[in-house]
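> To start, I am sharing the structure in question, which I have written as structure tokens.
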Amino acid sequence: MTTISAEPAAPSTPAAALDLAGVSRWYGNVVAVNDVTMRLGAGVTGLLGPNGAGKTTLLHMMAGFLAPSRGTVTLAGEPTWRNPAVYRRLGLVSEREAVHGFLTAYEFVLASAKLHRLADPEAAARRAIALVEMADAQDRRIGTYSKGMRQRTRVAAALVHDPQVLLLDEPFNGMDPRQRLHMMGLLHSLGDAGRTILFSSHILEEVEQVSGTVQVMVAGRLAASGDFRTIRRLMTNRPHVFAVHSTDDRALAVALMAEPSVTGVELGRTGLTVKAGDYGAFTRRLPKIALREGIRVRQLLPEDESLESVFSYLVEA
Amino acid sequence: MSTVSWITARGLFGRRRFLLLLPLPLLLVGLAVLCRALDVQPADWGPPVLVGLGLAVVLPVVALVIGTGVLGAEIDDGTVVHILTKPLPRWQIVLPKLAVATGVTAATVAVPLLVAGVLADSVRLGLGLAVAAALGALAYSALFLALCLLTRRPVLLGLAYVLIWEGLLGNFIDGTKVLSIQQWVIAIADRVAPTDLLTGSVSVPVAAVLTALVSVGFTVLAIDRLRSFSVAGETS
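First to last, the sequence lines map onto chains A and B. Using full-length UniProt numbering, you'd call the opening residue of the first sequence number 1 and step up by one each time. Using full-length UniProt numbering, you'd call the opening residue of the second sequence number 1 and step up by one each time.
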């Protein structure tokens with residue numbers, strides 16, 4: 001399998017970069033993660049993959065909870081395995097929902113702040129709880145919370161020390177739409193503030209809304225890495241599908257069929273569906289063709305640039 | 001009290017399994033009071049109640065429930081990850097948990113043994129049993145705490161040690177008594193308060209050295225294993 005890469009030019013915060021170099025993990029004869037190399041810099045990145053792709057295993061290795069069978073995982077140059085010091089820079093929200101149900105949210109987050117030896121743990125706990133909008137319920141026992149509230153409490157505990165890197169495994173599980181939007185906003189703002197955020201999700205819409213940058217795992221391998229729209233354009237073996245609507249769809253279809261970059265045109269009731277082998281050549285040629293034929297293009301929409309189509313192409317490959 | 005100790009103690013007392021501990025010490029005291037009230041000779045009820053029940057059952061079972069409860073329960077439900085994702089040297093997690101386990105076990109077992117010892121013979125016997133039980137609590141707790149990090153079935157293995165190694169094999173094969181925490185506790189109690197009610201099978205120096213070795217050795221092992229703690233491999 002070839003990894004498709006569309007990395008940004010340069011990581012903006014190399015000090016907080018999480019690096020994986022040739023990382024593999026196997027259990028007996030089963031290879032869960034196979035030779036993954038990636039570098040995560042500032043911003044929000046989505047970790048995608050079908051069930052069994054190795055996402056959680058990869059996250060566990062990043063978080064120092066699993067030793068790589070081969071390769072290295074480093075955070076700002078320090079190994080994450082057997083190195084508790086990395087948790088000064090790293091926060092983790094694991095997939096498992098376990099929380100100390102006998103504590104209140106405030107006690108739980110305050111305990112995290114104290115274990116981090118923060119200078120003012122009370123203020124840090126209040127700040128983290130406010131970030132996840134749990135101040136009103138902070139004095140209730142966590143055992144009485146809904147799934148979404150427990151999740152937000154865990155996020156507050158992971159954020160209490162203002163980590164440079166935050167890893168979240170399925171963070172939106174159990175959240176209602178409003179909480180989900182708030183969490184997405186929070187992740188965005190953390191990414192914009194220079195934090196390195198990696199979250200896994202099996203819901204493509206979530207990833208699409210939170211992050212343009214993705215790491216796609218398929219069968220233990222890193223299948224694609226970078227901005228998913230750019231990844232799509234690099235898939236030159238798959239025609240790009242566009243919805244085109246113009247003042248004269250039939251005439252435009254005839255003209256487009258003469259174009260080498262166009263591999264197919266379908267005339268429908270609402271317009272044309274054009275398949276183009278070369279994204280750049282087609283989008284450059286279309287205005288010229290329309291001008292030449294005296295046709296006005298009213299709509300041009302890439303139809304398979306969604307994360308869902310990119311993901312399905314990668315999984316099918 | 002450190003934050004780790006505080007969370008550990010809250011977790012221990014907040015779980016219902018802690019209530020399982022209460023009947024055994026109460027039974028121990030109840031039997032001693034009953035025998036004393038009925039004027040049964042201490043030589044007749046002392047060994048079965050103090051040793052057969054107190055040191056052979058109550059101490060190891062209470063230590064097993066608490067020792068596996070302070071860490072094993074957190075590993076089982078996944079809450080241990082919250083403590084492990086902190087920049088703490090692992091000894092700062094293991095030692096407070098060991099201290100809580102030892103302290104709660106000693107308090108739960110030593111007090112009834114003290115009462116039963118006083119009723120059976122003298123204050124000295126009561127104190128001897130309490131001191132020996134506290135040392136035994138340390139050794140058992142270190143062993144069971146380490147088992148939580150060595151196996152996914154710490155309670156089962158702990159029970160096998162207590163029931164099969166100490167309880168069964170100890171009665172038939174003398175050699176196994178040398179590696180029996182129960183026998184070390186008896187030897188130490190007998191040394192502090194020599195009476196006819198306690199019969200040690202292991203010499204006191206051997207008991208003292210092995211108690212120290214097991215306590216330190218399993219604690220060091222637990223710290224090392226916690227450094228390499230892996231979350232169960234999921235491949236989803």
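Glycine included, every Cβ here is placed at the ideal spot set by N, Cα and C.
(1) The alpha helix (DSSP H) with Arg36 (chain B) in it runs from where to where?
(2) Within the chosen definition, does the segment 96–116 of chain A reach the segment 147–162 of chain A through at least 3 CB pairs nearer than 8 Å?
(3) How many whole angstroms separate the CB atoms of Ile231 (chain A) and Val310 (chain A), which I take to be in contact at a CB cut-off of 8 Å?
(4) Going by the DSSP bridge assignment, what does Ile75 (chain B) pair with across the sheet?
(5) Applying the 10 Å Cβ sphere with the 16-neighbour rule, what's the burial state of Gly200 (chain B)?
(6) May I have the straight-line CA-CA distance separating Asp35 (chain A) from Val131 (chain B), to the nearest angstrom?
(7) Would Glu166 (chain B) be called buried (16 or more neighbouring beta carbons within 10 Å of its own) or exposed?
(8) Can you give me the C-alpha to C-alpha distance between Leu150 (chain B) and Leu64 (chain B), rounded to a whole angstrom?
(9) Rounded to the nearest angstrom, what separates residue 319 (chain A) and Asp278 (chain A) at their Cα positions?
(10) How is the alpha helix (DSSP H) around Ser189 (chain A) delimited, first residue to last?
(11) Give me the Cα-Cα distance between Pro154 (chain B) and Thr68 (chain B), rounded to the nearest whole angstrom.
(12) Give a yes or no on whether 8 Å exceeds the smallest Cβ distance from Leu291 (chain A) to chain B.
(13) With distances taken between CB atoms, is the gap from Gly54 (chain A) to Gly220 (chain A) smaller than 8 Å?
(14) Buried or exposed: which applies to Ala9 (chain A), given that a residue is buried once 16 or more other Cβ atoms fall within 10 Å of its Cβ?
(15) I'd like the ranges of any alpha helix (DSSP H) spanning at least 4 consecutive residues and lying wholly in the segment 152–187 of chain B.
(16) Along the segment 87–103 of chain B, where does the CB come closer than 8 Å to a CB of chain A? Name the residues.
(17) List the residues of chain B that Ala157 (chain A) touches, going by C-beta distances under 8 Å, in chain order.
(18) Out of A:Leu59, A:Pro239, A:Val33, which one is the CA nearest neighbour of Leu40 (chain A)?
(19) Please name the residues in the segment 117–131 of chain B whose beta-carbon is closer than 8 Å to at least one beta-carbon of chain A, in chain order.
(20) For Val109 (chain A), collect the residues of the same chain with a Cβ closer than 6 Å to its Cβ; drop the 5 residues on either side in sequence, then sort them by chain order.
(21) Residues of chain B with CB closer than 9 Å to the CB of Ala128 (chain A), please, in chain order.
(22) Can you pull the chain B residues whose beta carbon is under 8 Å from the beta carbon of Phe102 (chain A), in chain order?
(23) Is residue 321 (chain A) helix, strand or coil when you go by DSSP?
(24) Along the beta strand (DSSP E) that carries Val202 (chain B), what are the first and last residues, could you check?
(25) How is Ile7 (chain B) classed by DSSP in three states: helix, strand or coil?
(26) How is Glu78 (chain A) classed by DSSP in three states: helix, strand or coil?
Checking against the coordinates, here is how it stands:
(1) Looking at the DSSP string, the run of the alpha helix (DSSP H) that includes Arg36 (chain B) is 23–37.
(2) Two segments are said to touch when three or more pairs of C-beta atoms, one from each, lie closer than 8 Å; by this definition the segment 96–116 of chain A touches the segment 147–162 of chain A.
(3) That pair is a contact at about 6 Å.
(4) Paired residues: none, contrary to the question.
(5) Buried, since its Cβ has 16 or more Cβ neighbours within 10 Å.
(6) Take the alpha-carbon of Asp35 (chain A) and the one of Val131 (chain B): they are about 56 Å apart.
(7) Counting Cβ neighbours within 10 Å, Glu166 (chain B) comes out buried, since at least 16 surround it.
(8) Rounded to whole angstroms, Leu150 (chain B) and Leu64 (chain B) show a C-alpha spacing of 15 Å.
(9) No answer is possible for residue 319 (chain A): the residues shown for chain A start at 1 and end at 317.
(10) Residues 177–192.
(11) Approximately 7 Å between the Cα atoms of the pair.
(12) No, Leu291 (chain A) lies away from the interface with chain B (no Cβ there is under 8 Å from its Cβ).
(13) Yes.
(14) The predicted position of Ala9 (chain A) is uncertain, since its pLDDT is 37 and thus under 50; no value can be drawn from it.
(15) As far as the segment 152–187 of chain B is concerned, its whole alpha helix (DSSP H) runs of at least 4 residues are 154–159.
(16) Listed by position along the chain: Pro87, Leu88, Pro89, Arg90.
(17) The answer, in chain order, is His82.
(18) Of A:Leu59, A:Pro239, A:Val33, the residue nearest in Cα terms is A:Leu59.
(19) In summary, no residue of the segment 117–131 of chain B has a CB separated from any CB of chain A by less than 8 Å.
(20) Only Ala125, Ala128, Ile129, Ala156, Ala157, Val160 meet the Cβ criterion.
(21) None at all; the shortest Cβ gap to chain B is about 14 Å.
(22) The contacting residues are Arg10, Gly11, Gly14.
(23) With chain A represented from 1 up to 317, any question about residue 321 (chain A) goes unanswered, as that position is not in the structure.
(24) In this chain, Val202 (chain B) is not harboured by any beta strand (DSSP E), its DSSP state being neither H nor E.
(25) Look at Ile7 (chain B) here: in three-state DSSP terms it is helix.
(26) Looking at Glu78 (chain A) - three-state DSSP - the assignment turns out to be strand.
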